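Residue numbers (my numbering): -17 to 398. Every residue, glycine too, gets a C-beta built ideally from N, C-alpha and C. Given the structure is predicted, the values throughout are model-derived calculations rather than measurements. Here's the structure we're looking at; comments come further down.
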RNA sequence: GUGGCCAUGGUGAAGCGGCCGAACACACAUGACUGUGACUCAUGCAUUCGAGGGUUCGAAUCCCUCUGGCCACCCCA
């Protein structure tokens, strides 16, 4: 066997790239209507950046990062998510100083060393957006509206919006304590992982799928019930804005995020159609992150969607393009005439194909048919001397005589 | 990191120890039709069954190892 791609790293083949372009184009269109601009940041960053932003004890940092040492001896990491790099750039380039509010979006590959399965790959792609500088719940709602608009523009009904609030440094410690006490009381009913989580990451226990844990945590205190006045108000306002905009959502008080930097509003777009990978998009507010990365104390909120997962939801929708015209060639003289015609028509934006293999006329037309060319034309000696040829509409075989002038041909094959 | 299932051509696959010099279908190529596709017909298209080892008179078929894939756990987009 010759050299193969790395496990979990995929090639996006032409059959699928049209679908991806549709997703990306739609995102760009929707995002720009909400005032977002694209930012492109490196795929590799200093390892430290991810440790500090995502959280040292998260699975991502603990065991999923592609980390290596470069020739200078620095520890570098292939980005496992997009927010950290964007915020690093915001801080480093002082974008916050030029613009009090920055609305940024990005798209590109992310890397996590996990075991691949349906909808989960080691190199995967995210499209994400971040808003920095605004704490107003209206921004939360705008972002959620934008996400739901994106999915409806993509023609998807399926992923449904779930929201939750994770509180803030004021109220979360109190809640955490209440939860730890609750979990501690039922320690013996919890699975091994959850027992460990009591001290490391108690919130995660709420997300455990082990039946015993689900049962044991049934009456667990919820963050929403422990929100401080400000957080509670914020959360209620977000909901009311969403209602105003007719964005449907449900509250999932057990929703936990995998990254440490989230505060207040968090959300997920979930689907039942992707097996174990139910989250198609997710995000939340990260009011402390920018300061934590050395920037000013400004709030932020963002989300990312998994392009592979969206593509799976979109399924085998067809984005095939077909040539406008196929020029069949007979003889060397007509070959150069065909080249001239092609050049002129391509200049006007038409997709024109011809023969490059010296095939028989039949073979050429067979190829025109296979490519689903809309029109075909045969160029031979007769046509060259008369300056006329018959233009055939492939769908029904009808032909019309046309002069061999690019403008006339262009006019004839235009449309649809 | 753990587990289950799987691995035959460009594709979907049949085959389950000798009848396989690997079916069938699709795709592809050429021709029937010396200048007009789609239909039809003919012909061609895997010295070989993921790789390596073993069992056997004989292996695509059984065993082992490795590699790869899928799905699930975990976690997440």
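- Contact annotation, residue 18 with residue 87: C-beta distance approximately 5 angstroms; criterion of less than 8 angstroms satisfied.
- Residue 112 sits close to residue 282, with the two beta carbons spaced by under 8 angstroms.
- Residue pairing by DSSP places residue 335 opposite 308 in a beta bridge.
- The secondary-structure analysis by DSSP pairs residue 107 across a beta bridge with 91.
- Residue environment for residue 258: exposed (fewer than 16 other C-beta atoms within 10 angstroms of its C-beta).
- A distance of 8 angstroms or more separates the beta carbons of residue 262 and residue 131.
- The beta carbon of residue 388 sits closer than 8 angstroms to those of 323, 326, 327 and 330, all from its chain and outside the five residues before and after it, given in chain order.
- In the DSSP assignment, residue 286 falls within the unbroken beta strand (DSSP E) covering 282 to 288.
- Between the stretch 96 to 114 and the stretch 235 to 251, the count of Cβ pairs shorter than 8 angstroms is below three; the stretches do not touch.
- Closest in C-alpha terms to residue 279, from the list 76, 216 and 196, comes 76.
- Assignment of residue 228 by DSSP, reduced to helix, strand and coil, places it in the coil class.
- Residue range 245 to 252 is occupied by the beta strand (DSSP E) that includes residue 248, with no alpha helix (DSSP H) assigned at that position.
- Along the stretch 116 to 168, the alpha helix (DSSP H) occurs as fully enclosed runs of 4 or more residues at 119 to 135 and 154 to 167, listed in sequence order.
- With contacts defined by Cβ atoms closer than 8 angstroms, residue 125 and residue 285 form a contacting pair.
- Rounded to whole angstroms, the Cβ separation of residue 83 and residue 115 is 4 angstroms, and the two are in contact under 8 angstroms.
- A direct Cα-to-Cα measurement between residue 23 and residue 110 gives close to 12 angstroms.
- When C-beta atoms of the stretch 198 to 218 are compared with those of the stretch 139 to 151, three or more pairs fall below 8 angstroms, so the two segments count as touching.
- For residue 225, the closest C-alpha among the options -15, 122 and 396 is that of 122.
- With fewer than 16 other Cβ atoms from the protein chains shown falling within 10 Å of its own Cβ, residue 170 counts as exposed.
- A direct Cα-Cα distance of roughly 23 angstroms separates residue 341 from residue 332.
- If you ignore the 5 residues before and after residue 56, its C-beta comes within less than 7 angstroms of the C-beta of 28, all in its own chain and listed in chain order.
- Three or more Cβ pairs drawn from the stretch 354 to 362 and the stretch 296 to 311 lie within less than 8 angstroms of each other, which places the two stretches in contact.
- Residue burial is scored here from C-beta neighbours: residue 195 has at least 16 other C-beta atoms within 10 angstroms and is therefore classed as buried.
- In the displayed model, residue 35 falls within a helix according to three-state DSSP.
- Rounded to the nearest whole angstrom, the C-alpha separation of residue 81 and residue 272 is 15 angstroms.
- By the Cβ rule, the stretch 37 to 48 does not count as touching the stretch 163 to 179, because fewer than three pairs are nearer than 8 angstroms.
- Scanning the stretch 4 to 91 from its first residue to its last, the whole beta strand (DSSP E) runs of 3-plus residues come out as 26 to 28, 48 to 51 and 57 to 60.
- Across the set 390, 222 and 179, the C-alpha of 390 shows the shortest separation from the C-alpha of residue 371.
- The Cβ atoms of residue 356 and residue 395 lie closer than 8 angstroms to each other.
- Leaving aside the five residues that flank residue 210 on each side, the residues in its chain whose CB is nearer than 8 angstroms to its CB run, in chain order, 149, 150, 152 and 153.
- Residue 360 has 310 as its beta-bridge partners, per DSSP.
- A check of alpha carbon separations from residue 118 across 249, 303, 216 and 290 identifies 216 as the nearest.
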